[in-house]
Amino acid sequence: MEQFLSYTDEVRDALESGKPVVALESTIISHGLPYPENMDMAKKVENIIREQGAVPATIGLMDGKIKIGLTEDELYTFATEEGIHKVSRRDFAHIIAKQETGATTVAGTMIAANLAGIRVFATGGIGGVHREGEYTWDVSADLQELAQTNVAVVCAGAKSILDIGRTLEYLETHGVPVVGYKTNAFPSFYSRESEFGVDFSIDNPADVAKTLQTKWQLGLDGGAVVANPVPKASEIPFNEIESVIEQALSEAKADNVTGKDVTPFILSRVKSLTDGKSLETNLALVYHNAEVAGQIAAAYHS
Ligand code: PSU
Ligand code: MN
Numbered sequence: 002m003e004q005f006l007s008y009t010d011e012v013r014d015a016l017e018s019g020k021p022v023v024a025l026e027s028t029i030i031s032h033g034l035p036y037p038e039n040m041d042m043a044k045k046v047e048n049i050i051r052e053q054g055a056v057p058a059t060i061g062l063m064d065g066k067i068k069i070g071l072t073e074d075e076l077y078t079f080a081t082e083e084g085i086h087k088v089s090r091r092d093f094a095h096i097i098a099k100q101e102t103g104a105t106t107v108a109g110t111m112i113a114a115n116l117a118g119i120r121v122f123a124t125g126g127i128g129g130v131h132r133e134g135e136y137t138w139d140v141s142a143d144l145q146e147l148a149q150t151n152v153a154v155v156c157a158g159a160k161s162i163l164d165i166g167r168t169l170e171y172l173e174t175h176g177v178p179v180v181g182y183k184t185n186a187f188p189s190f191y192s193r194e195s196e197f198g199v200d201f202s203i204d205n206p207a208d209v210a211k212t213l214q215t216k217w218q219l220g221l222d223g224g225a226v227v228a229n230p231v232p233k234a235s236e237i238p239f240n241e242i243e244s245v246i247e248q249a250l251s252e253a254k255a256d257n258v259t260g261k262d263v264t265p266f267i268l269s270r271v272k273s274l275t276d277g278k279s280l281e282t283n284l285a286l287v288y289h290n291a292e293v294a295g296q297i298a299a300a301y302h303s
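Per the numbering used here, the sequence shown starts with residue 2, numbered consecutively.
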């Protein structure tokens, strides 16, 4: 296994000395946000985690290795290069075997973090059951990864481009705890709320860490969702974003967008249709998730 893992010095030192580490994904850089905002985000998010006393490990696949921590040059590659693969569980082995560059999704990043012994991961939003998933069977592999891999994902919930109700049902069936961080409502990425609630609400990092430790000490394998709502000042109200999402979804349908292209297509259309307002919200929530994830990782290791 170790032959496939490659660490930056900062991350290696942290893992060896038992310091808190927070994993970060690279699909959000390569497929989720435009340049140059993606590059600024990638660097800023790492610094926010450092400010919490934890070490950031942005994860991606390059040169036949699983990179645990990326240099600034490597981040730049993910931020700017065309044709970088989007890597979920399905794609993981092939991209390493071919020594190609692959940006890891939530599922891909969880696999890598778990191999490196990193338990806390910060991102924007998780994938889920798509609307009309009952016909398309489009269910993100993120959910199945949460069912089996011992990593907690701090996110702003799931976008309402998805069927949030079915996403939460799937997580329940697979025994994945959904913790609301200082909230009783399951957040819907751009908005602090959705029509759905959370299983548990926890209002401090130490108690989240305790629940995670207890889960894994009990041998209850699998991940957890820590749902952290976007700060109020950056929120887009649910009603306002809904019509935009409906338009983006109908464009995706009209253009016959399928498979792994669906999520990036919709993200980019929502951004254009909101004149960049959604981008601002997206950045704000990622920074907030990094801060909370850094605090949870620090509490987990104290
Ligand atoms: N949701 C977002 N932003 C993102 C993604 C999801 O709000 O960037 C990315 C994540 O990497 C997530 C992936 O793991 O999309 C899910 O893709 P799919 O639906 O194809 O599984
Ligand atoms: Mn899909």
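Backbone N, C-alpha and C define an ideal beta-carbon position, used for all residues, glycine too.
{"Check": "Rounded separation between residue 16 and residue 22 - CA only", "Outcome": "7 Å"}
{"Check": "Closer than 7 Å: residue 141 CB and nearest ligand 2 heavy atom", "Outcome": "yes"}
{"Check": "Residue(s) in a DSSP beta bridge with residue 86", "Outcome": "103"}
{"Check": "Boundaries (first-last residue) of the beta strand (DSSP E) holding residue 129", "Outcome": "Run containing residue 129: none; DSSP gives neither H nor E here."}
{"Check": "Identity of the residue in 18, 54, 4, 82 nearest residue 27 by Cα", "Outcome": "82"}
{"Check": "Any non-hydrogen atom of ligand 1 within 7 Å of residue 127 CB", "Outcome": "yes"}
{"Check": "Within 8 Å, strictly: CB atoms of residue 125 and residue 61", "Outcome": "no"}
{"Check": "Residue 188 vs residue 224 beta-carbon contact at 8 Å", "Outcome": "no"}
{"Check": "Under 8 Å between C-beta atoms of residue 57 and residue 25", "Outcome": "yes"}
{"Check": "Segment limits, beta strand (DSSP E) that includes residue 25", "Outcome": "22-25"}
{"Check": "Heavy atom of ligand 2 within 7 Å of residue 263 beta-carbon", "Outcome": "yes"}
{"Check": "8 Å Cβ cutoff met for residue 203 and residue 182", "Outcome": "yes"}
{"Check": "The segment 189-198 touching the segment 146-161, judged by at least three CB pairs closer than 8 Å", "Outcome": "yes"}
{"Check": "Pairwise C-alpha distance: residue 275 and residue 237", "Outcome": "10 Å"}
{"Check": "Alpha carbon of residue 49 to alpha carbon of residue 11, nearest angstrom", "Outcome": "15 Å"}
{"Check": "Proximal residues to residue 9 (C-beta, below 6 Å), its chain only, five neighbours per side dropped", "Outcome": "70"}
{"Check": "Check whether residue 31 and residue 79 have beta carbons under 8 Å apart", "Outcome": "yes"}
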